[in-house]
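In this text, residue positions in the sequence shown follow our numbering: the first is 1, and each later residue adds one.
We treat Cβ as the ideally placed atom computed from N, Cα and C, and that holds for glycine.
Model, not experiment: these values are computed from the prediction.
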Amino acid sequence: MKKNKLHALLLSSVSLTLFLSLFVLPGIADADDDDHHDRDKWSVWKKKQVNTTNPEYTAECGSCHLAYPPRFLSSEAWQKIMANLENHFNDNAELDSTVNAKITDFLVSNSSSNRWSSNTDMRTLRISNSRHFIRKHHEVPNGAVGPNAQVKSYSNCKACHPKADADSFREREIKIPGFRFWD
Ligand code: HEC
Ligand code: HEC
């Protein structure tokens with residue numbers, strides 16, 4: 001009888017371990033191992049990006065700020081942005097309807113549903129307001145953005161990611177103007 005109990009106990013602790021390692025731990029590891037995960041996805045995105053530059057998009061949407069890589073927003077968010085360009089973040093970025101349709105097409109077909117875009121705040125339609133963006137940028141020092149005349153806003157990706165134009169946001173390339181080299 002006693003032996004049976006011990007067996008049962010052993011068995012249940014074995015299955016608990018099995019359960020933990022099969023279902024619970026990978027979830028935790030995934031959260032911790034985010035960077036690895038991201039890097040894998042990153043290379044997939046980078047490969048995709050080779051075919052996803054669009055001269056019209058760069059010309060029309062890259063004059064006031066970075067022509068943001070389409071994958072950072074969902075198709076719904078891009079459509080909403082493109083449908084309201086005359087009232088664009090307190091600016092007017094209106095386009096004629098043919099160009100608008102072409103760019104919308106490009107953005108929608110290269111949009112994504114990933115960690116960046118699935119958390120988009122649909123009220124502000126900002127990449128820089130998505131939960132994933134905020135999480136990725138929580139180590140940015142105080143005073144490095146708003147009060148920093150060389151940055152001013154998180155929308156100004158290029159200020160800290162000098163290769164953003166080439167769609168590269170690697171950690172080792174990051175430099176925050178006026179702040180110690182980021183390592
Ligand atoms: C006349 C200037 C101008 C043009 C042209 C323009 N934008 Fe913008 N855009 C702005 C301003 C201003 C902001 C807000 C920047 C800030 O808050 O610092 C902005 C912000 C954005 C953001 C949010 C950035 C963030 O913080 O995540 C997106 C996305 C965006 N624009 C997309 C586009 C697209 C797509 C086009 C082309 C159809 C475009 N923009 C053309 C002025 C412009
Ligand atoms: C004030 C400087 C600054 C601005 C502006 C900024 N970033 Fe960053 N970004 C950082 C820093 C610093 C990190 C690294 C944070 C860390 O790893 O702890 C980072 C990380 C990232 C990463 C993850 C890189 C990786 O390999 O994990 C991406 C992608 C990214 N930023 C995209 C953007 C985009 C898109 C914009 C504009 C909408 C932007 N950033 C604006 C400073 C900035």
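Identified DSSP bridge partners for residue i
| i | result |
| --- | --- |
| R126 | D121 |
| D91 | H88 |
Whole-angstrom distance between residue j and residue i, CA atom to CA atom
| i | j | result |
| --- | --- | --- |
| V50 | L107 | Because V50 sits at a pLDDT of 46, beneath the cut-off of 50, its placement in the model cannot be relied upon, and the following sentence gives the value as read from the coordinates. One C-alpha to the other measures close to 15 Å. |
| S155 | G178 | 18 Å |
| R131 | T120 | 7 Å |
| S63 | Y57 | 10 Å |
| T98 | D105 | 11 Å |
| R123 | N129 | 10 Å |
| E86 | I103 | 15 Å |
| G27 | S117 | With a pLDDT of 39 at G27, under the threshold of 50, the modelled position of that residue is not reliable, and the figure given next carries that caveat. Roughly 21 Å between the two C-alpha positions. |
| N114 | H65 | 23 Å |
| V140 | E94 | 33 Å |
| A164 | N84 | 25 Å |
| S112 | C157 | 19 Å |
| H137 | K152 | 15 Å |
Cβ neighbour criterion (16 or more within 10 Å) applied to residue i
| i | result |
| --- | --- |
| S109 | exposed |
| I127 | buried |
| F72 | buried |
| A144 | buried |
| N90 | exposed |
| N54 | buried |
Contact with chain B by residue i, beta-carbon distance below 7 Å
| i | result |
| --- | --- |
| N92 | You won't find chain B in this structure, because it holds only one protein chain. |
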